Each structure stands twice: as C-alpha cells, then as structure tokens.
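> I have a structure I would like to understand better, so I am pasting it below and will then ask my questions one at a time.
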Amino acid sequence: HPDRNSAPDASEKFRQIVSIYEILKSTELREKYDNVLEFGLPDWRQPIYYYRKMRKLAWYEAIIVLMGVSTIAHYLMMWAAYYEKYLVLKQNLRKSRKRDKKGEAENSMTQLHDALDVFRPRFHDLLPFIVARTSWNLLKAIPFLIQEQLSRKDLEVKHLIQNYIIFWVVLGTPNRWECMARVLNRTAQDVTTMAGKLKHMKQEEYEKLAMGQQSNAVVDIRSGKTEETTGISSTASSYQEWTQTEQKQLEAALQQYPKGCEDRWDKIAAAVPTKSMEQCQQRLKELVELVRRKKASKAQ
C-alpha cells in the first residue's frame, strides 16, 4: 500500500495490483484476459481494432454522416439508372439505323440525347434537396388537409341534421315541405325536387354523395344528447304515410267528434276511409307528442 511503502512507484504498482484483482475476480474479464494472453491485442485486420480507434459521434454528427453517405449512394443510383436508360435507348437506336436512312438516323440520335437529358442527374435532384422540398410541401399541405377534414365534418353534420329534420317533420304533417324548407334555408320547390332525386337515387350514388361516411349517432338538437341511428330508423319506419288530404280529414273528424262522443274512434276511422282506427289513434299520439316536443324546445 502506498501509505506503508515509501517507494516512488508504490502508487502505480498498487493500481496495477487492484486491476489484476478485479480481472481475476470476474469470470468474463478473466476469459478476455486469457484470450489476449493467447492471441495478443487486436490488430488492423480485426473490426474491434477500428471500433476502439473510431471517434464516438454525437447524434447530430451521426445524422450528418448518414445523410452524406445516403446522398452519395443516391447520386450513384441516379447515374446507374441514367446509364441503364442510355443503353436501352442506344440498343433501340441501333436497330432503327438498319431500317432508316442516314438523315433519319441522325434525327434519331438527336431525339436520343433530348430524351436522356431529362433523366440526367442534376444538383437539385440530390437527396438533401428532395428531403427539403418534400418537407416544405408537406408543411404547406397541412392547412389544406385540416381544412378539408373540417369541411368533411361540417358536411357530415349537415347531412345528419337533414336526416334528423326528415325524421322530425314526419310524413303527413301539414305544410311539411315548407317547414323543412325554412330549416334548410331553401325554397319548398328545391326541397321537394331534391327529395324526388334522392328517392330515385341508387344506394351507391347516395353513399358517394354523402362522402361515404356514416355515423353511429345523430345529434339531438333539443337536449344536446345523441341517439343511435338504428333507433331513429326504427321509429321512422313505425310512422305511416299520411297525405295532406288524410291529415285534413283526421283533423276535421277530431273536431267533429270530441272526447266523450259515443263510438268516437269508429266514427273518426269512418271519416278517414283509407286508414284504420288503430292508425288514426297512433297518428293522434304522434301529433300530440310532436306538439309537446315543440313546446318544450321553445321553452328551453
């Protein structure tokens, strides 16, 4: 120990002894030490020699080196592709020379050089410039992509609201098309024309018009909640189609035969010959519920 030995190299020998002890204590280090004793230190023919000599690079230095190597490889590949096209066109030109005259052959040679000039590698075609142009174009395209996505969502919401309005303003409601036209900010003629087109439109064309996007829920405008479209479709299918004439007949019969009248519903059904008594009762329930919901929405 240097504290007990006054020799000038006592500290150095003590460090060597400690290093030897650490090597002999570890099985892995002892195997490496035996390998060095048997075969010697790595020379220039072994990869580990260069790994030990190589400078450790930072992350940005590694990126620069990788970009440089990739640029050189990309440049050589462009020239290889150019030379391949040159050989193919030259071979085709030799075949055409046998058939064409001298003037036409010279013209073909000019066309060959013009065609190859398009594929000739240039400075602005190097990999760093391609990466820079692609990144810049991507950054410029991001706002348009976001705007397109938002417009698709707006179109989907409008489509859902229109479906909701069609289900909400049920068939047979007085001035049904005028109500839908006021909500859609259109004329009644436009609404009826579009409804006729949608009725005769194929399913594929309708899905394409709706941009192929279907939602699992529709917005409940009154409460802000969502209802499954399956529930709406099942409710809409329960509605029976009522014409304005039938609706007016029902309203007149309800006024003519008020509550307490004997055999009231039989008389009402007789006043609406195209509907049964159960359909008239169901229609009255629907209209009462419709009026109640409208009053509730106005109160909110």
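At position 173 of the sequence shown the residue is numbered 205 (the numbering used here), and the sequence of numbers has no breaks. Ideal placement from N, C-alpha and C gives every residue a C-beta, glycine not left out. All of these numbers come straight from a predicted model, not from anything done at the bench.
1. Check Cys-312 in the structure and name its three-state DSSP category.
2. Is Glu-278 closer than 8 Å to Lys-299 when the C-beta atoms are compared?
3. To the nearest angstrom, report how far apart Arg-186 and Tyr-118 are at their CA atoms.
4. Specify, as a first and last residue, the run of the alpha helix (DSSP H) that Ala-42 falls within.
5. Work out the CA separation of Pro-175 and Arg-324 for me, nearest whole Å.
6. Going along the chain, which residues of its own chain have a beta-carbon closer than 7 Å to the beta-carbon of Ser-265, five neighbours each way excluded?
7. Less than 6 Å between C-beta atoms, sequence neighbours within five positions excluded: which residues of the same chain meet that for His-106?
8. Just verifying my parser: in three-state terms, what is the DSSP assignment at Ala-303?
9. Can you tell me whether Cys-211 is helix, strand or coil according to DSSP?
10. Within the continuous alpha helix (DSSP H) that includes Ala-285, where are the two ends?
11. So, with DSSP's three-state summary, where would you put Asp-222?
12. Taking all protein chains shown into account, do 16 or more other C-beta atoms lie within 10 angstroms of the C-beta of Arg-315, making it buried, or fewer, making it exposed?
13. DSSP on Glu-188, reduced to helix/strand/coil?
14. To the nearest angstrom, how far is the alpha carbon of Glu-273 from that of Leu-182?
Short version:
1. Of the three classes helix, strand and coil, the one that applies to Cys-312 here is helix, per DSSP.
2. No; because the gap between Cβ atoms is not below 8 Å, this pair is not in contact.
3. A quick correction: the sequence has Asp, not Arg, at residue 186. About 53 Å.
4. 42-57
5. Their backbone Cα atoms lie some 45 Å apart in a straight line.
6. Confidence at Ser-265 is low in this model, with a pLDDT of 42, below 50, so the placement of that residue is unreliable and no value is reported for it.
7. Leu-159
8. DSSP places Ala-303 in helix when its eight states are reduced to three.
9. helix
10. 276-288
11. helix
12. Here Arg-315 is buried: its Cβ has 16 or more other Cβ atoms, across all protein chains shown, within 10 Å.
13. Here DSSP, grouped into helix, strand and coil, assigns Glu-188 to helix.
14. 37 Å
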